[in-house]
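Residue 110 in full-length UniProt numbering sits at position 110 of the sequence shown, with consecutive numbering throughout. Ideal Cβ placement from N, Cα and C applies to all residues, glycine included. Here the structure comes first, spelled out in structure tokens, and everything after it is commentary.
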Amino acid sequence: MVYQGVDHDKKKNVNVKCSVNICTNTTKNSNCSFFRYPKDVERAKEWAIACLREDLLSKAHILYNCCRVCSDHFESIMFLNDLRNRLCAHAIPTLNIINKSNKEQNDHDYVKSKTDVAVLSSLPIHVYKSTPLSPSQSTKFVLLNLPITSTSHVTNKLENVPIKRELTSIQTNIHAVPLQPSSGHHNQLHNFTKSSVHCTLEPPTKKQKLMCFHEVQTFKHQSLTSQANKSVQTSSALIHCNPLQLKLQRKIRRLEKKLIKIDNKNTKLKINQLQKASLDDFKNLCDKFLPYDIAVFVKEQLLLYTRKMHGQRYSTEFKEYCLNLFFKAPKMYQTLSSVFYLPSQTTLNRIINRKLITKSGINQNIFDIISIKTKNMKEADTYCIICIDEILIKPYLYYNTSKDEIIGLVDDGRCKLFNPARRACVFFAQSIFGNWKQPLLYVFSASMTKYKILNKLLIQCIINLQNINLKVVAVVCDTGFNNMQLADQLGITQENPFFVINNATIFFIYDVPYILKTLRNMFLKYKFRFLEYFTSVKYIEEFYKQDCKFNYRLAPKLTSSHINPSSLDKINVRYAAQLLSTSVTTGMNMYIYFNRLPIEATGTAIFIDRIDKLFDILNSTKKYNGEKKYAHVYKGQDFQIEFLNDCLHFFELLQVIDTTGLNITNGMKFIPAWKITISSIQKIWNFVESKGFQFLPTRKLNKDALEDFFDKIRLKEGNCLNPTSISFVRMFKHLLCKNFLNIDHENFEEDFNNILVEIKDLKKIENIKSEEEIEVFDDLTTDDTDYQKLELIEKDTIKYICRYLIKKCLTKHTCTICEDYSTNYIEFDDCSAFSFFKADNMNFSDIENFHTPDFIYYICSLEAIFIDHFEKLVVEQNFIKNLLVEFNKVTLIHPCDQFPQMYLKKLYSRMQLYYTLKFINRNFKSPMNPERLIIWRHE
1 MVYQGVDHDK KKNVNVKCSV NICTNTTKNS NCSFFRYPKD VERAKEWAIA
51 CLREDLLSKA HILYNCCRVC SDHFESIMFL NDLRNRLCAH AIPTLNIINK
101 SNKEQNDHDY VKSKTDVAVL SSLPIHVYKS TPLSPSQSTK FVLLNLPITS
151 TSHVTNKLEN VPIKRELTSI QTNIHAVPLQ PSSGHHNQLH NFTKSSVHCT
201 LEPPTKKQKL MCFHEVQTFK HQSLTSQANK SVQTSSALIH CNPLQLKLQR
251 KIRRLEKKLI KIDNKNTKLK INQLQKASLD DFKNLCDKFL PYDIAVFVKE
301 QLLLYTRKMH GQRYSTEFKE YCLNLFFKAP KMYQTLSSVF YLPSQTTLNR
351 IINRKLITKS GINQNIFDII SIKTKNMKEA DTYCIICIDE ILIKPYLYYN
401 TSKDEIIGLV DDGRCKLFNP ARRACVFFAQ SIFGNWKQPL LYVFSASMTK
451 YKILNKLLIQ CIINLQNINL KVVAVVCDTG FNNMQLADQL GITQENPFFV
501 INNATIFFIY DVPYILKTLR NMFLKYKFRF LEYFTSVKYI EEFYKQDCKF
551 NYRLAPKLTS SHINPSSLDK INVRYAAQLL STSVTTGMNM YIYFNRLPIE
601 ATGTAIFIDR IDKLFDILNS TKKYNGEKKY AHVYKGQDFQ IEFLNDCLHF
651 FELLQVIDTT GLNITNGMKF IPAWKITISS IQKIWNFVES KGFQFLPTRK
701 LNKDALEDFF DKIRLKEGNC LNPTSISFVR MFKHLLCKNF LNIDHENFEE
751 DFNNILVEIK DLKKIENIKS EEEIEVFDDL TTDDTDYQKL ELIEKDTIKY
801 ICRYLIKKCL TKHTCTICED YSTNYIEFDD CSAFSFFKAD NMNFSDIENF
851 HTPDFIYYIC SLEAIFIDHF EKLVVEQNFI KNLLVEFNKV TLIHPCDQFP
901 QMYLKKLYSR MQLYYTLKFI NRNFKSPMNP ERLIIWRHE
């Protein structure tokens, strides 16, 4: 235990006085520390006795809260610090307890005791019985033979505390032996009694002397140890004024100053050595002693530290290293970004955007980047499905300068046709038991993508996913005509709803929400017959009319849009699910029971109830914990398996009757789609159960994720239903990169393990081929594209264009010869008109080299070449590059050798292409001829 000085009384403005009677220190007139009495009652009594406050012994249990002792009454060795505000565990007040008069009286008693002892020692060895002594006198006689200390608390203790030792032999007479006081004032005590004490001077025996000596030593030890750990009789002033001690203190101070000087000198030497060491030396040491990846990281941090916060530039190698690091451990990367200088997620997104090649068809680099993420996936997350769907796009042609190709034509990745694209087919991967989803590829088509193209793309896509350790379980699509043909080509039937690739079984599933909408449409249009029942929409209409009259409805979500949906309402699966729901079934049964609906409506209620339960079981999720029994996650329970088997039998008996009473069941695509889907779900459950899974979230086996992907693409153009081709390509690439950096499902602990285990494998992305840019227009600047603002007049088009081109050429090279040429050869006269018509009717395909000094004729020749080769070159990637090869067949004979002829050809090709695509795209907006490409030649 450590006693600490209290000063909270000063903060409370309470004046506390020291409990020692002769002490005048208070908390207001003194700066010394005040200490509480010990909490222990026995220790508190010792403090009270030491302070000569016997009146406090009866209040020992409250001394801790009421009384204080200042620091002036404690010796220096009792403090634990130089501030004198912390005491050791066994500290007892010993200083300044008695005043000066008491001390003088004590000294007088001591001198008198010495005289008495001297008188006794002069008596004969044989003593006679003396006068009896009172108990107080006998006690005083004993105390006179004790050594004198600086305090008188021992005397008080002997007078107040009764002696607990029982004497073995009590005599009526106490034999006092005359003792000579020693130099240390240590005398021996003799036995005494409490009743009657008689002092006699008789020669003591040796045994009596030994017993008396031990009793005195024991009593002295107990009294002194209760006061302090160590009793010091030498005054503190003499100790501090010791010459030897002062000399040693001065020596210590000299050595401390010398040590400080040496430390300062060593610090300066270290700083000088560090200043002499250059950054190159540090980099060389990093390369020598650190692994390559760590050395690159440390050197990059050193360079970034010397730069400003908003002026950081990362090297390409370091950004690729950080991108690999991010793929390995996304959460860990975010933590490291708060400590080190690392590229932001936006910067990493730009790297992926540059690495990805998003052209039509299969792009191998997309699968290479996906493989980096799949390497750290759990085994359960690798089970996935492939969704196939199409989105309508507006026909629009766009020239991509970086790739030197025209985007917006029909393109399946292998063959490109001169036909505007109106549909984009997307392949999309989604995890069954995980949270990741990833677009894989797209193709442009003028109508529905042919099933042969889908078959080739699907097989190649599955093989690529298998090569990066992803397990494709199923393929999901709608009931489009091309998808039905694809299923027939793959050999999909109700009994065998799967196909095999590389010894892997892939199941075929039709999108459940889509076939539910198809069933709803047929339900509203035709009558269904099963067993002895039949369905009719008129019973739902009658139920809705009666239910609307009440404030509390049995089917509150049912509206007229459910019964008579518009074209947009038919797209929304919500209307189909709410029409064929439990609330409608329950309400109709209630109305049938109370005879508000005819008994024939029972078949409609039974049909709706069965379809509702089937949709629940095929759209189940693990998160659902409601009351609907069939909506819980599929676990292969007996009632689930039995219900699916009943549904298969139900669709076998289901017949569709048109308004004329004709059976048109064979023409209904949704019936075999339901059968194949139910059979596939049963077999998929057997497959995943064999792999150790306890449930199957059937909601992950549809195209909802792909539909959300299409919605994000439409929002790019302001919620446009049909985006343009270039908008689709840009958003496809943007969402592709965004999904790569999606880290919501990652775990920090797993990330840290990945960092430690696989930090040596962070070089794979460097091998991914980046998207190459065609450097055709390096010499063209943004000022050279002002042709987009020209207002062409048909009558003076050639003259206007020639003046613009010669003006732009003069900005690249100016001389007197070029200026004279520009004024003499661009005036449009009759001869120029003849040159124009001559070039327009001339065939340049068979001409190798043609030279002309006429500038207008030269431009007309370039235009004729452009028109002749446009359809052929527009489907190729390097359009302008190949066009320039054709332009080289015509040479302008110019008087100046420095005239920029190549610049002229590039500028004209860009301008001609811009206006050609502008006119074509404008014609696409015409409602009269939406399918026709205009002829871009002059008519």
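Exercise for review: Can you tell me which of the three DSSP states K17 falls into?
Suggested key: Taking the first residue of the sequence shown as 1, we reach residue 17 at position 17. Of the three classes helix, strand and coil, the one that applies to K17 here is strand, per DSSP.
Point to revise | Length at least 4, wholly inside the segment 282-355: the alpha helix (DSSP H) runs in chain order | key: 292-305, 316-328, 330-337, 345-355
Review point. Is A91 helix, strand or coil by DSSP?
Key: Sequence index remark: in the sequence shown, residue 91 carries index 91 (1-based). DSSP places A91 in coil when its eight states are reduced to three.
Check your understanding: Is there at least one non-hydrogen atom of the ligand GDP closer than 7 Å to the beta-carbon of L805?
Key -> Only the bare structure without any ligand can be found here, which leaves the ligand GDP out of the picture.
Practice item. May I ask you to verify whether the segment 344-357 touches the segment 434-447, counting CB pairs closer than 8 Å and requiring at least 3? Key: Proximity of the segment 344-357 to the segment 434-447 falls short of the contact definition, fewer than three beta-carbon pairs being nearer than 8 Å.
**Study point:** Closest by C-alpha distance to L454, when choosing among Q489, V473, Y341, R422
**Key:** The residue labelled residue 454 in the question sits at position 454 within the sequence shown. Nearest of Q489, V473, Y341, R422 to L454, Cα basis: Q489.
Review point. Taking the DSSP output, what are the residues bridged to R36?
Key: Within the sequence shown, the letter at position 36 stands for residue 36. Residue pairing from DSSP places R36 in a beta bridge opposite R68.
Exercise for review: State the start and end residues of the unbroken alpha helix (DSSP H) segment that holds A474.
Suggested key: Taking the first residue of the sequence shown as 1, we reach residue 474 at position 474. Here A474 belongs to no alpha helix (DSSP H); instead the beta strand (DSSP E) covers 471-477.
Point to revise | V688 - DSSP class collapsed to helix/strand/coil | key: The residue given as residue 688 occupies position 688 in the sequence shown. It is helical.
**Study point:** Interface flag, K375 vs chain B, CB-CB below 8 Å
**Key:** Given the protein chain composition of this structure (a single chain), no chain B is represented.
Review point. Closest to D868 by CA distance: which of N882, Q877, F855 is it?
Key: Within the sequence shown, the letter at position 868 stands for residue 868. That would be N882, whose Cα lies nearest to the Cα of D868.
Practice item. Could you spell out where the beta strand (DSSP E) holding D411 opens and where it closes? Key: Reading the sequence shown from its first residue, position 411 is the one you call residue 411. 409-411 is the extent of the beta strand (DSSP E) around D411.
Point to revise | Inter-residue Cα distance where the pair is Y64 and S338 | key: As a first step, residue 64 is located in the sequence shown; it is residue number 64 there, counting from the start. As a first step, residue 338 is located in the sequence shown; it is residue number 338 there, counting from the start. Straight-line Cα distance between these residues: approximately 52 Å.
Practice item. Return the residue from the list D854, I260, G667 that minimises the CA-CA distance to I657. Key: The residue you call residue 657 lines up with position 657 of the sequence shown. Comparing Cα positions, the closest option is G667.
Practice item. Give me the Cα-Cα distance between D116 and L255, rounded to the nearest whole angstrom. Key: In the sequence shown, residue 116 corresponds to position 116, counting from 1. In the sequence shown, residue 255 corresponds to position 255, counting from 1. Interpretation of D116 is limited by its pLDDT of 47, a score under 50 that renders its predicted location unreliable; the figure taken from the coordinates is listed afterwards. Spanning the two alpha carbons is a distance of roughly 56 Å.
Practice item. With distances taken Cα to Cα, identify the nearest neighbour of T94 among A50, S58, L56, N85. Key: For this step, residue 94 is matched to residue 94 along the sequence shown. Comparing Cα-Cα distances from T94 to each of A50, S58, L56, N85, the minimum goes to A50.
Point to revise | Nearest neighbour of F327, chosen from K373, I865, F687, T24 [CA to CA] | key: As a working mapping, residue 327 is identified with position 327 in the sequence shown. Nearest of K373, I865, F687, T24 to F327, Cα basis: K373.
Exercise for review: Can you tell me which of I393, N589, F594 puts its alpha carbon nearest to the alpha carbon of F607?
Suggested key: Taking the first residue of the sequence shown as 1, we reach residue 607 at position 607. With distances taken between Cα atoms, F607 lies closest to N589.
Review point. Are there three or more Cβ pairs, one per stretch, closer than 8 Å when the segment 638-649 is compared with the segment 510-522?
Key: no
Practice item. With DSSP collapsed to three states, give me the class of R86. Key: Here the question's residue 86 lines up with position 86 in the sequence shown. If DSSP states are grouped into helix, strand and coil, R86 belongs with the strands.
**Study point:** Identified DSSP bridge partners for F508
**Key:** Here residue 508 refers to the residue found at position 508 when the sequence shown is read from its first residue. According to DSSP, which records beta bridges pairwise, F508 is partnered with V475.
Practice item. Could you check how far apart the C-beta atoms of L554 and T582 are, in whole angstroms? I think they sit under 8 Å. Key: Here residue 554 is taken as the residue at index 554 of the sequence shown, counted from 1. Here residue 582 is taken as the residue at index 582 of the sequence shown, counted from 1. With 8 Å as the limit, L554 and T582 do not qualify as a contact, their Cβ atoms being about 11 Å apart.
Check your understanding: Quick one: Cα of N363 to Cα of T316, how far?
Key -> Walking along the sequence shown from the start, residue 363 turns up at place 363. Walking along the sequence shown from the start, residue 316 turns up at place 316. So the two alpha carbons sit approximately 23 Å from each other.
Review point. Is the distance from the Cβ of V473 to the Cβ of I385 below 8 Å?
Key: On the sequence shown, residue 473 is found 473 positions in, with the first residue counted as 1. On the sequence shown, residue 385 is found 385 positions in, with the first residue counted as 1. Going by C-beta atoms, V473 is nearer than 8 Å to I385.
Review point. Looking at the unbroken alpha helix (DSSP H) that takes in T374, where does it start and where does it end?
Key: On the sequence shown, residue 374 is found 374 positions in, with the first residue counted as 1. Segment 364-374, the alpha helix (DSSP H) holding T374.
Exercise for review: Give me the Cα-Cα distance between K39 and H61, rounded to the nearest whole angstrom.
Suggested key: Within the sequence shown, numbered from 1, the residue matching residue 39 stands at position 39. Within the sequence shown, numbered from 1, the residue matching residue 61 stands at position 61. Taking the straight line joining both Cα atoms gives about 8 Å.
Check your understanding: By a C-beta neighbour count over all protein chains shown, 10 Å radius and 16 as the cutoff for buried, is E871 buried or exposed?
Key -> What you label residue 871 is simply residue 871 of the sequence shown in a count that begins at 1. Burial call: exposed.
**Study point:** Straight-line gap, Q898 to K812 (C-alpha atoms, nearest Å)
**Key:** Looking up residue 898 in the sequence shown gives position 898. Looking up residue 812 in the sequence shown gives position 812. Each residue's alpha carbon lies about 10 Å from the other.
Practice item. For residue 983, write down the residues that DSSP places opposite it in a beta bridge. Key: Past the boundaries of the shown model lies residue 983; the chain is included only from 1 to 939, so the question cannot be answered.
Point to revise | Where Q546 falls: helix, strand or coil (DSSP) | key: In the sequence shown, residue 546 corresponds to position 546, counting from 1. Helix at Q546.
Exercise for review: Mind the definition here: the segment 458-473 touches the segment 495-514 only if three or more C-beta pairs lie below 8 Å; say whether that holds.
Suggested key: Yes, the segment 458-473 is in contact with the segment 495-514.
Check your understanding: Can you tell me whether DSSP reads N747 as helix, strand or coil?
Key -> If you number the sequence shown from 1, residue 747 lands on position 747. Residue placement at N747 cannot be trusted, given a pLDDT of 46 that sits under 50; what the coordinates show is reported in the next sentence. Three-state result, N747: coil.
Point to revise | Distance between Y575 and E652 (C-alpha atoms, nearest Å) | key: Taking the first residue of the sequence shown as 1, we reach residue 652 at position 652. Taking the first residue of the sequence shown as 1, we reach residue 575 at position 575. If you take the alpha carbons of E652 and Y575, they lie about 26 Å apart.
Check your understanding: Just curious, the beta strand (DSSP E) that A429 is in, first and last residue?
Key -> For this step, residue 429 is matched to residue 429 along the sequence shown. It spans 423-431 - the beta strand (DSSP E) in which A429 sits, taken as one unbroken run.
Check your understanding: In chain order, what residues of the same chain lie with their CB nearer than 7 Å to the CB of S536, ignoring the 5 residues before and after it?
Key -> Here residue 536 corresponds to residue number 536 of the sequence shown, with the count starting at 1. K527, T604, listed in sequence order.
**Study point:** T602 versus D612 - alpha carbon distance
**Key:** Walking along the sequence shown from the start, residue 602 turns up at place 602. Walking along the sequence shown from the start, residue 612 turns up at place 612. When rounded, the distance between both Cα atoms is 15 Å.
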